[in-house]
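Asks: Residue numbers (my numbering), protein chains in the order written: chain S, 1 to 243; chain E, 244 to 486.
Virtual Cβ for every residue (Gly too), placed ideally from N, Cα, C.
One structure coming up, written as structure tokens, with questions to follow.
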């Protein structure tokens, strides 16, 4: 990743060093969202996490892969609780912040490059709505299958998403419809993050309902066995290794 | 102006109705700035205005034209002090907010359409860095000449700007250089405001040093006689009617 691509890491670094940074997300239909909540959430202490994540943490066990670890929010908490954690992310600056905060093993690696060299895991954590990194209805099953050989017996994926169908915002509903017409899942957002002169490349970020998550897992060696929904914005799907 | 163009007014309306809105400004070199200060500043009470503006208010007199009146911050203050004020702006939603806040005479009119039908004035106020609406080194003298026949004897323009040469930000310095190479003034920013699905058209916003302001006024029937600079971000140039 070129330095000028790392808008996400730059945002986190600025927030980490001085606070006050605002996250600007641009969607490919021209919709722009600016929020000061993003950066704060990326570094939030456990007590400020969404309830569904706090509940799902009780299901973590053994060796853990933190997919899209960012500034190390989840990896650090797991580390403190005595778990062995490997974090992966594509943002060099976010990883720098994670290391400065004490993360022991975080690596620059895209989710699409997850493979046997990472070793085997008992838990895969995708908090921070990181089931979104599955990208599309096509890539999600491919990635789930790719996770499968890394999974120890009884392994779980704690997969966080936002149910896109709960919105009433007409702009978002129009975007869903536009996606459907192009043969994409309604919640497949094509977005980029912008910050000063920095901008990430455009990337696909997938929001799914629990039903869609179950469907995507079908035949991949994973099964959605439980949904942790605490009536907040996000929910955590628990995908268990089959067989 | 189409509704979807009025990102500026939408921002102001949302801030006025609920607070918390963030202003996203995109420059044509791809630089993006997000700030929560903008919307708050657009509706700030007198005691929170920049010192230079507060000092310059003492120079207002007679009938006043508030150029780029937005949500009526300056027009309302002048009105309360007993002045006759006409405000002009291109944003229908900002004008709606100004009217809801009590502005008596605000009109949808671009600065380039200022003409004799507005009547004559003793003071032209361009606070909120609204000398920027002069747009370019070419348009500024043209507009100043256009203001001239509306000016009563002894009339003044209170012209606020930011000296672009005080920055040390390498991105801004590179932008200045890019402008010079294209034969534009260094501080001529080509920008647009984005907010949700709303975006203003691209427009030119001119930042000048006091020396440049004096130069631009040369031969237009106006003369820079005084600069009010309180060591904050902005300064107010006082342009007096010549002859």
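Taking only beta-carbon positions, decide if residue 195/S is within less than 8 Å of chain E.
Replies: For residue 195/S, the closest Cβ of chain E is nearer than 8 Å.
Asks: Could you name each continuous beta strand (DSSP E) segment of 3 residues or more that falls completely within the segment 406–456 of chain E, going from the start of the chain to the end?
Replies: Along the segment 406–456 of chain E, the beta strand (DSSP E) occurs as fully enclosed runs of 3 or more residues at 431–438, 446–449, listed in sequence order.
Asks: Going by DSSP in three states, residue 134/S sits in which element: helix, strand or coil?
Replies: helix
Asks: Does any CB atom of chain S fall closer than 8 Å to the CB of residue 284/E?
Replies: No, because no Cβ of chain S sits closer than 8 Å to the Cβ of residue 284/E.
Asks: At 4 residues or longer, what runs of the alpha helix (DSSP H) sit wholly inside the segment 45–102 of chain S?
Replies: 51–56, 73–80, 92–100
Asks: Could you check whether residue 160/S and residue 129/S sit closer than 8 Å to each other, using their CB atoms as the reference points?
Replies: yes
Asks: Give me the subset of the segment 394–426 of chain E whose CB atoms are less than 7 Å from a CB atom of chain A, sorted by chain position.
Replies: No chain A is part of this structure, whose protein chains are labelled S and E.
Asks: On a Cα-Cα basis, can you pick out the residue from 193/S, 149/S, 171/S, 204/S that is closest to residue 184/S?
Replies: 204/S
Asks: To which residues of the same chain is residue 482/E closer than 7 Å at the C-beta, ignoring the five residues directly before and after it?
Replies: Scanning its chain for C-beta atoms nearer than 7 Å, with the 5 sequence neighbours on each side dropped, one finds around residue 482/E the residues 399, 400, 402, 460, 465, 466, 467, in chain order.
Asks: Does residue 429/E have its Cβ less than 8 Å from a Cβ in chain S?
Replies: Chain S contact via Cβ: absent.
Asks: Using DSSP with H/G/I as helix, E/B as strand and the rest coil, what is residue 124/S?
Replies: strand
Asks: What are the start and end residues of the alpha helix (DSSP H) that includes residue 253/E?
Replies: Where residue 253/E is concerned, the enclosing alpha helix (DSSP H) stretches over 250–261.
Asks: Among all the DSSP beta bridges, which residues are the ones paired with residue 471/E?
Replies: 479/E
Asks: Kindly indicate which residue of 247/E, 293/E, 301/E has the alpha-carbon position closest to the one of residue 478/E.
Replies: 293/E
Asks: If the cut-off is 7 Å on Cβ atoms, which residues from the segment 7–27 of chain S count as contacting chain E, listed in chain order?
Replies: 22, 24
Asks: Look up residue 464/E in the DSSP assignment and say whether it is helix, strand or coil.
Replies: coil
Asks: I'd like to know whether the C-beta of residue 277/E is nearer than 8 Å to at least one C-beta of chain S.
Replies: yes
Asks: Can a CB atom of chain S be found closer than 8 Å to the CB of residue 442/E?
Replies: yes
Asks: Any beta carbon of chain S sitting closer than 8 Å to that of residue 364/E?
Replies: no
Asks: Could you tell me if residue 249/E is buried or exposed, where buried requires 16 or more neighbouring beta carbons within 10 angstroms of its beta carbon?
Replies: buried
Asks: Which same chain residues, not among the five before or five after residue 92/S, have their C-beta less than 7 Å away from its C-beta?
Replies: Excluding the 5 residues flanking it on each side, residue 92/S has same chain C-beta neighbours closer than 7 Å at 1, 6, 9, 108, in chain order.
Asks: Under 8 Å, Cβ to Cβ, is there at least one residue of chain E near residue 127/S?
Replies: no
Asks: Mind checking residue 166/S: buried by the 16 CB within 10 Å criterion, or exposed?
Replies: exposed
Asks: If we count the other Cβ atoms within 10 Å of its Cβ and call it buried at 16 or more, is residue 23/S buried or exposed?
Replies: buried
Asks: From the DSSP output, which residues share a beta bridge with residue 151/S?
Replies: 121/S
Asks: What's the C-alpha gap between residue 147/S and residue 89/S?
Replies: 16 Å
Asks: Take the Cβ of residue 439/E as the centre, count every other Cβ of all protein chains shown within 10 Å, and call the residue buried at 16 or more, exposed below.
Replies: buried
Asks: Counting only beta-carbon atoms, is residue 273/E nearer than 8 Å to chain S?
Replies: yes
Asks: With respect to the beta strand (DSSP E) encompassing residue 34/S, which residues constitute its N-terminal and C-terminal limits?
Replies: 32–35
Asks: Distance check for residue 199/S and residue 3/S, CA to CA, integer angstroms please.
Replies: 9 Å
Asks: Which word fits residue 316/E, buried or exposed, when buried means at least 16 other C-beta atoms lie within 10 angstroms of its C-beta?
Replies: By the C-beta density criterion, residue 316/E is buried, having at least 16 other C-beta atoms within 10 angstroms.
Asks: Take the Cβ of residue 340/E as the centre, count every other Cβ of all protein chains shown within 10 Å, and call the residue buried at 16 or more, exposed below.
Replies: buried
Asks: How about residue 52/S and residue 71/S: are their beta carbons less than 8 Å apart?
Replies: Not in contact: residue 52/S and residue 71/S (Cβ atoms no closer than 8 Å).
Asks: Are residue 68/S and residue 126/S touching if we call contact CB-CB under 8 Å?
Replies: yes
Asks: Going by CA-CA distance only, name the one from 458/E, 365/E, 301/E that's closest to residue 381/E.
Replies: 458/E
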